[in-house]
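A short worksheet on the structure shown next.
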Amino acid sequence: MEYCNKDEALRAKSIAEDKIHKRDFISARKFALKAKNLCPGLDGISQMLTTIDVYVYADQNKIRGEVDWYGVLGLNPSVDDDDDEEIKKQYRKLALMLHPDKNKSVGAHGAFVLISEAFGILSDKAKRLAYKKRRGLIRVSQGQKTTTSKTTKTPPAASKPTPRRVDTFWTIYRRCRMHLNHTLGSHVPFIVFLVTYFVVLVVVAKRKSVTRIQ
């Protein structure tokens, strides 16, 4: 026969209820567990523990003020986003235990409101995805990983060099002749240009020779 110290269990349960009113859910859980250990069949003790667990997750595991809605439903967030059925199944289970019509524990109504809010967020794929992103629960798959360190920009195609125009003797002759005609105001004979051209070539050659020696 299972031992039950009902008087001590009821005392521990009463302390747990007081802790719930004070929102000291960790201590409330401690005394509720004590009551269950003293008398496992104590009326309403299982519902009380479920109620307290909802508050513990809602109150303790916040990230930037965001409630751990998976924890509120007693679930672990799945990496894959195929958890619709599990969410529905767990919500129905908790709703049966926490509905105020069936659970007279202190705080049951508030716990029921919390699981309903959790279900409203996690059962909607768009809201669930946004929530997971805010909580940092989205993992990038191996095939989707990108690393900026390996990303290199393709250098722009080098523009083709403009071919240098090679001036022939006759091209130079026409230019210089036009210049001399304009400067001297008269027609310059070809022989004069030819002498001038070769003098310039000699001077340029000497300058290049001096530059190389230096």
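Residues 1285 to 1498, numbered by this note's numbering, are exactly what the sequence shown covers, in order. All C-beta atoms in this analysis are idealised placements derived from N, C-alpha and C, irrespective of residue type, glycine included.
Given residue i as reference, the closest of the options once Cα atoms are compared
{"i": "LYS1290", "options": "ILE1304, GLY1325 and LYS1306", "result": "GLY1325"}
{"i": "ILE1336", "options": "LEU1322, GLU1369, GLU1292 and LEU1398", "result": "LEU1398"}
{"i": "PHE1309", "options": "LYS1320, ASP1368, THR1334 and MET1381", "result": "THR1334"}
{"i": "ARG1313", "options": "ASN1321, ASP1385 and ALA1300", "result": "ALA1300"}
{"i": "CYS1323", "options": "GLU1292, GLY1355 and GLN1331", "result": "GLU1292"}
{"i": "LEU1382", "options": "ALA1319, ILE1329 and LYS1320", "result": "ILE1329"}
{"i": "ASN1387", "options": "ARG1418, ARG1295, ASP1327 and LYS1297", "result": "ASP1327"}
{"i": "LYS1306", "options": "VAL1340, TYR1287 and ASN1321", "result": "VAL1340"}
{"i": "GLY1391", "options": "TYR1375, ASN1345 and GLN1331", "result": "GLN1331"}
{"i": "SER1400", "options": "LEU1413, LYS1416, ALA1414 and LYS1377", "result": "LYS1377"}
{"i": "TRP1353", "options": "ASN1321, ALA1316 and ARG1412", "result": "ARG1412"}
{"i": "TYR1287", "options": "HIS1393, PHE1403 and ASN1321", "result": "ASN1321"}
CB of residue i within 8 Å of CB of residue j, strictly
{"i": "ASP1368", "j": "SER1311", "result": "no"}
{"i": "VAL1351", "j": "ALA1395", "result": "no"}
{"i": "PRO1361", "j": "LEU1421", "result": "yes"}
{"i": "GLN1374", "j": "GLY1358", "result": "yes"}
{"i": "ARG1419", "j": "ILE1347", "result": "yes"}
Segment limits, alpha helix (DSSP H) that includes residue i
{"i": "ASN1321", "result": "1309-1322"}
{"i": "ARG1418", "result": "1409-1419"}
{"i": "HIS1383", "result": "Segment: none, HIS1383 is in no alpha helix (DSSP H) and carries neither H nor E."}
{"i": "VAL1338", "result": "1329-1344"}
{"i": "TYR1354", "result": "1353-1356"}
{"i": "ILE1399", "result": "1392-1406"}
{"i": "GLU1301", "result": "1290-1305"}
Inter-residue CB distance, residue i and residue j (contact presumed, cutoff 8 Å)
{"i": "ALA1379", "j": "VAL1356", "result": "No, ALA1379 and VAL1356 are not in contact; Cβ-Cβ is about 12 Å, not under 8 Å."}
{"i": "ALA1319", "j": "LYS1297", "result": "4 Å"}
beta-carbon residue i near the ligand SAM non-hydrogen atom, thresh 7 Å
{"i": "ALA1410", "result": "No copy of the ligand SAM appears in this structure; indeed no ligand is present at all."}
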